[in-house]
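S.K.:
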Amino acid sequence: MRVFALAVALACAPMAPALAQTQTESAASRHDVNVQRIVSPSGIEAWLVSDSTVPMVVLRAFWRGGSAIEPVGAVGVTGVMTDMLTEGSGAMNANAFKERLQDLNMSLSFGASWDGVGMSLTTLSENRDAAFEMARMALYEPRFDAEPLARIKRQMLVGLRTRETNPSYLANLALDQALYAGHPYARRTSRESVDAINRAALQERHTALFNRATLQITIVGDISSEDAARAVDTIFGALPAGARPPEPADVTLSAPTPLIVRTLPQPQSLVLFAGPGIQDEDPDWIPLAVANYILGGGGFSSRLMDQVREQRGLVYGIGTGPSVREHSAIIRGSAQTENGDVREAIEVTRAEMARLYRDGATQAEVNDAITYLTGSFALDLDSNVKIAGVVHGYQAAGRDIDYINHRNDLIRAVTLEDVNRVVRRLFNPDAYTFVVVGQPEGLQASGGN
Amino acid sequence: MLGGLGQRFFAACLALLALTASAQAREFVRPETFTLRNGLQVVVITDRRAPVVTHMVWYRVGAADEPRGYSGIAHFFEHLMFKGTRQIAPGEFSRTVARNGGEDNAFTNWDYTAYYERIARDRLELVMRMEADRMRNLQFSDETFASERDVIVEERRQRVDNNPGAVLGERMRAMLWPHHPYGTPVIGWLHEIQSLDRQTALQFYRTWYAPNNAILVVAGDVDAAELRPLADRYYGRLRPTRDLPARTWVTDPPNVGPMRVTHSDEKVRQPSFSRLYRAISYGVDTGRQAHALDVGMEILGGSETSRLYRALVEDQRIAVSAGASASSSGLGGGSASVWATPAEGVTLEQVEAAVDAVIAEFLRDGPTEDELTRAKNSLAANAIYSRDSQESLANIYGSSLAQGESIDDVVNWARDIEAVTRDEAVAMVRQTLDLNASVTGWLVPEQAQ
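Going line by line, the protein sequences match chains A and X.
With this note's numbering as the guide, the letters of the first sequence map in order to residues 21 to 469.
With this note's numbering as the guide, the letters of the second sequence map in order to residues 6 to 454.
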């Protein structure tokens, strides 16, 4: 139950309860995290949070350049390349490598997104030198052996077939194709593109992406700044200077399609909706966090949860949030409901957005959003793994090193005018594309199918 | 699906205690514990890294305790408990937690129902006051009950009915436990959810939601000396349920042979094979049998270095995934499972035969010393890392105590895993993987039937 954030029931509350206390600043909203900038002997910068409470170290690294810049004939190669980095290195074949990771009680993984590739390492501090050596080998001495490559391709082919009836895949594909027509963000792997992946293509991506030009590193846990600086050189010191990889064009979002329907035989439909968003360097980014909490981002406290779930019992969950890629930004929402109720759920969603767009938020809603967003932030910072995720995210977004300790001040400074400006800018329901996957009743699609 | 969630959750739970690496990593902090006069057991796990706490109440009641014909009523409370008391308006519970920068939620298993808040440490008293209030003073209207029932129906559609694999899983459990309530889905059968009534719910609540049937677990920036006066003040005054019913469940009849079920759905593109067996659980075990089963199943199919994965996916290349695991949680027993997904052009008969051959070989030859050591190491590795998260710690203690284990059982878990011998592991796998106590499930595309 807890994996789904919207699991608990809750109705709208008209009266002030006796037990509930008025919000004030909580101690946790002033909790600082000490992020240091360290520089390795060979000149590579990293961000470090040193804390020895738990004898473990978490390391995250990120490089620009991901699936969106794959050669046209090689869609999917970046993800395969990163998967293959833990399928054998140096003298160790895939099995030997994985056994060694288990023997060291460490985890090491690489992955690709649209806009970059990343590495994630977790180790006990007492094994950390051996763990860093494994990361170094994975990075520089991948074997790209034929057998694991063939296995991964077999697994991908099965994945291609199962996604044909996966509502989430189908809805996201329809949305990406509607919004990003002609852009790499609308591309997907295919049988042909999987077949085309070979060792040479993996090596080409490896050489093109892994260099110092865009490398960003975050280290959190039981390690001193001196040891962390040495670790950076152990793992990353031999990377070539390289150059920032080519970038795809920024997206110009297509005009909204009010309704796209994809038919899939199931009792409940999945609804996705999206409209234009903003990049995280936009001055309205922080006010957007507050506005989104009010519309659909606040779990049980949002207007959409109240109207669609609590007042009408139409859905188990509904939520919205900004979704940012390097070259596009949207606001995105989702819900699931019985086929017979889809029309009503969409109508209520649009009506609630329209009401907010027309009348704006209230000062009380803004106050509640601010106390939640500032107070809950510490809940994201109570473990090494969580701190590494948050700090590395800020690093990748180009924030300054102490942003984590200023973020709550920025949220506290948001005014009702800021929120209503963002609402007028971003929550016009007429700018939104809705996608439905299922067997919805009484819906007239305006696009797709 | 709720049930599956409970099982995976326990795997993480067990993970807590370290056995590998050094004494330092193995060292585990024993929580402080005390019991209030009204029978409420309190467990305190101190972690001072961030000024936040995780506050959980675990009720020793779950889906297995439901009256016949009322499946889903235990899970219903996950929703109803947020509907208010005389002092808290409907919905105000979560709204108050959010206004104070906290998060709250709930989850249900066959053996327990748990409620939690994560919040700044200076708000601990607030959530204790509200959580204690709803332990005995819940109230909700017929309208609220009916609207929430619609939400739960949508929850069921989203988790189960939309997903052919989840539908098959439900059928397999119902066959494996034809009489015992573990065969009933936690979320309930659709037709029974739709006929649940408020009076039955209230009776269920009054019987089971009581301090002498609950465990309070608080983890984070607090210790027992600080917590005890608060626990006395808010929970200590609650009246216990007199004559709390014993949780005695029916026993299944002996198995008479292998059972099979084939589920087809037009959404299935990729066939798959899985098999469930009845098994020992930590709640039932009085020795080291559950530990031995965990180790044996880990060797057989717990990772990409396991017997099943290597044989089917890497060597024979007839499957794209294959594995095995023990779900050894459970107050009244557990289960074990094996599964495989065939590669293109391979039949389910072929992968099932190959799985059986790997099991037979394992039972004949047993594991190597390396395999035994690595399996114990892997089980314990997750354990070490759980120490990074106050939520994991609270979950491990709460679920283990609610499922019939003691704090000592949890503390000694790693030592007991380490003590498992090769013969014990093989013997438990042999005893458990008995086809005569199994249900085999095939998920197939519709045209195949």
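Beta carbons are placed, not taken as given, at the ideal position from N, Cα and C, and that holds for glycine.
1) Using 8 Å as the threshold, is the stretch 112-130 of chain X in touch with the stretch 61-74 of chain X, meaning 3 or more CB pairs across them?
2) Does any C-beta atom of chain X lie closer than 9 Å to the C-beta of A151(A)?
3) Taking 9 Å as the threshold (beta carbon to beta carbon), is T346(X) in contact with chain A?
4) Count the C-beta pairs between the stretch 116-123 of chain A and the stretch 213-225 of chain A that are closer than 8 Å, then say yes if the count reaches three, no if not.
5) Please check if any C-beta of chain X sits within less than 9 Å of the C-beta of N312(A).
6) What span of residues does the alpha helix (DSSP H) with N382(X) cover, start to end?
7) For the beta strand (DSSP E) containing I50(X), list its first residue and its last residue.
8) Under 9 Å, Cβ to Cβ, is there at least one residue of chain A near E2(X)?
9) On the CB-based measure, 16 or more other CB atoms within 10 Å of its CB, does D138(X) come out buried or exposed?
10) Do A345(X) and S279(X) have their C-beta atoms within less than 9 Å of each other?
11) Considering only C-alpha positions, which residue in the set K381(X), P450(X) and R435(X) is nearest to A424(X)?
12) Is it right to say G262(X) is buried, meaning 16 or more other beta carbons lie within 10 angstroms of its own, or is it exposed?
13) How would you list, in chain order, the residues of chain X whose beta-carbon sits under 9 Å from the beta-carbon of T283(A)?
14) Which of the three DSSP states is assigned to H185(X) in this structure?
15) Within a Cβ cutoff of 7 Å, which residues of the same chain sit near Q415(A), ignoring the five residues on either side of it in sequence?
16) Checking the sheet assignment: what are the DSSP bridge partners for Y120(X)?
17) Can you tell me where the beta strand (DSSP E) holding V77(A) begins and where it ends?
18) Quick one: which residues of the stretch 323-355 of chain A get their C-beta closer than 9 Å to a C-beta of chain X? List them in chain order.
19) With distances taken Cα to Cα, identify the nearest neighbour of A94(A) among V362(A), V405(A), Y377(A) and T209(A).
20) Across which residues does DSSP place E65(A) in a beta bridge pair?
21) Looking only at its own chain, which residues have a Cβ that is under 7 Å from the Cβ of V318(X), when we skip the five neighbours before and after it?
22) In the DSSP assignment, find the unbroken beta strand (DSSP E) run with I78(X) in it and report its ends.
23) Closer than 8 Å by beta-carbon distance: list the chain A residues that pair up with K272(X), in chain order.
24) For F447(A), which three-state DSSP category applies?
25) With 7 Å as the limit, tell me which residues of the stretch 362-385 of chain X have their beta carbon closer than that to any beta carbon of chain A; keep them in chain order.
26) Measuring only between beta-carbons, confirm whether N192(A) sits less than 9 Å from chain X.
27) Could you give the DSSP three-state label for Y336(A): helix, strand or coil?
28) Let me make sure I understand the geometry here. Which of I424(A), V214(A), R323(A) and D429(A) has the alpha-carbon closest to that of A374(A)?
29) Comparing C-alpha positions only, which one of M104(A), A371(A), A88(A) and A251(A) sits nearest to F447(A)?
30) Between T256(X) and the rest of its own chain, which residues show a CB-CB distance below 8 Å, the 5 nearest in sequence each way excluded?
31) Within 8 Å, do at least three Cβ pairs link the stretch 143-150 of chain X to the stretch 85-105 of chain X?
32) Apply the 10 Å Cβ neighbour rule to N167(X) and answer buried if 16 or more other Cβ atoms are within range, or exposed otherwise.
33) Using the Cα positions of T435(A) and I390(A), report the straight-line distance between them to the nearest angstrom.
34) Could you say which of N441(X), T267(X) and A419(X) lies nearest to T378(X) if we only look at CA atoms?
35) Is the separation between the beta-carbon of T455(X) and that of A224(X) shorter than 9 Å?
36) Which residue spans inside the stretch 111-165 of chain A form an unbroken alpha helix (DSSP H) run of at least 4?
M.R.: In short:
1) Cβ pair count under 8 Å is three or more, so yes.
2) False, the Cβ-Cβ gap to chain X never drops below 9 Å.
3) So, interface residue.
4) Contact fails between the stretch 116-123 of chain A and the stretch 213-225 of chain A, because fewer than three Cβ pairs, one in each stretch, are under 8 Å apart.
5) It does not: the Cβ of N312(A) has no partner Cβ on chain X nearer than 9 Å.
6) For N382(X), the uninterrupted alpha helix (DSSP H) segment begins and ends at E374 to S391.
7) Looking at the DSSP string, the run of the beta strand (DSSP E) that includes I50(X) is Q46 to T51.
8) No statement about residue 2(X) is possible, as the shown extent of chain X runs from 6 to 454 and does not include it.
9) So D138(X) counts as buried.
10) Yes, they are a contact pair.
11) Minimum Cα distance to A424(X) is reached at K381(X).
12) Under a 10 Å Cβ-count criterion, G262(X) is classified as exposed, with fewer than 16 other Cβ atoms of the shown protein chains found around its own Cβ.
13) Result: empty, since nearest Cβ-Cβ is about 11 Å, beyond 9 Å.
14) H185(X): coil per DSSP, three-state reduction.
15) In chain order, W67, Q236 and T238 place their CB closer than 7 Å to the CB of Q415(A), counting only its own chain and leaving out the 5 sequence neighbours on each side.
16) The partner list for Y120(X) (beta bridge, DSSP) reads V62(X) and A111(X).
17) Annotation for V77(A): the continuous beta strand (DSSP E) segment containing it runs M76 to R84.
18) The residues in question are D326, R329, E330, Q331, R332, G333, L334, V335, Y336 and G337.
19) In terms of CA proximity to A94(A), T209(A) leads the group V362(A), V405(A), Y377(A) and T209(A).
20) The beta-bridge partner set that DSSP reports for E65(A) consists of V59(A).
21) Here V318(X) has A324, V325, S326 and A327 as same chain residues with Cβ atoms under 7 Å from its own Cβ, once five neighbours each way along the sequence are excluded.
22) Following the DSSP letters along the chain, one finds I78(X) in no beta strand (DSSP E) but inside the alpha helix (DSSP H) bounded by residues I78 to L85.
23) Those are T185, L284, P285 and Q286, listed as they occur along chain A.
24) Secondary structure at F447(A): coil, using DSSP grouped into helix, strand and coil.
25) Of all residues in the stretch 362-385 of chain X, R379, N382 and S383 have a Cβ within less than 7 Å of some Cβ in chain A.
26) It does not: the Cβ of N192(A) has no partner Cβ on chain X nearer than 9 Å.
27) The three-state secondary structure of Y336(A), taken from DSSP, is coil.
28) Nearest neighbour of A374(A) by Cα position, chosen from I424(A), V214(A), R323(A) and D429(A), turns out to be R323(A).
29) Answer by Cα proximity: A371(A).
30) Listed in chain order, the non-local C-beta contacts of T256(X) below 8 Å within the same chain comprise H184 and H185, local neighbours out to five positions each way being set aside.
31) Two segments are said to touch when three or more pairs of C-beta atoms, one from each, lie closer than 8 Å; by this definition the stretch 85-105 of chain X touches the stretch 143-150 of chain X.
32) By the neighbour-count rule (16 or more Cβ atoms within 10 Å), N167(X) is buried.
33) Cα-Cα distance, rounded: 10 Å.
34) The option with the nearest alpha carbon to T378(X) is A419(X).
35) The requested residue 455(X) does not occur in the structure, where chain X is confined to residues 6 to 454.
36) Counting only runs of 4 or more, we get 114-123 and 148-160.
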